[in-house]
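Data block below; observations after.
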Amino acid sequence: MKKVKIIVGAILRGALLVAPGVAFGWWAWYKAMALIAILAAVGVETLFLFVFSFITVAVQARRDLRRKKAEEAEADEGNDTAAQ
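Under the working numbering, residues 6 to 89 are what the sequence shown spells out, in order.
Below you can see the structure in the form of structure tokens.
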């Protein structure tokens, strides 16, 4: 069951990353030449990927920092009670 959740999550994240480029490509298809529309859509997807990756890394770093601070606080509490 866990593997299915991982696969479904990967598919949903992939769809989320591709969605802006697909929407922009569909919108721009008749407004510009097809090749330019495709390249522009790929550019939009790439920019969205950079933003999505930055946010994901920032959230993970914040979680790691909180976890590290909590572990240090626990260790300090243990040292304080052991010294008494």
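Positions of the beta carbon are idealized from the N, C-alpha and C atoms, including for glycine.
Quick caveat: nothing in here was measured; it's all calculated off a predicted structure.
**Q.** Boundaries (first-last residue) of the alpha helix (DSSP H) holding residue 31
**A.** 7–33
Q: Keeping to the same chain, check which residues put their C-beta closer than 8 Å to that of residue 47; ignore five residues upstream and five downstream.
A: 26
Q) How many angstroms separate the CA atom of residue 81 from the CA atom of residue 73? A) 12 Å
Q. How long is the line joining the alpha carbons of residue 67 and residue 60, rounded to whole angstroms?
A. 11 Å
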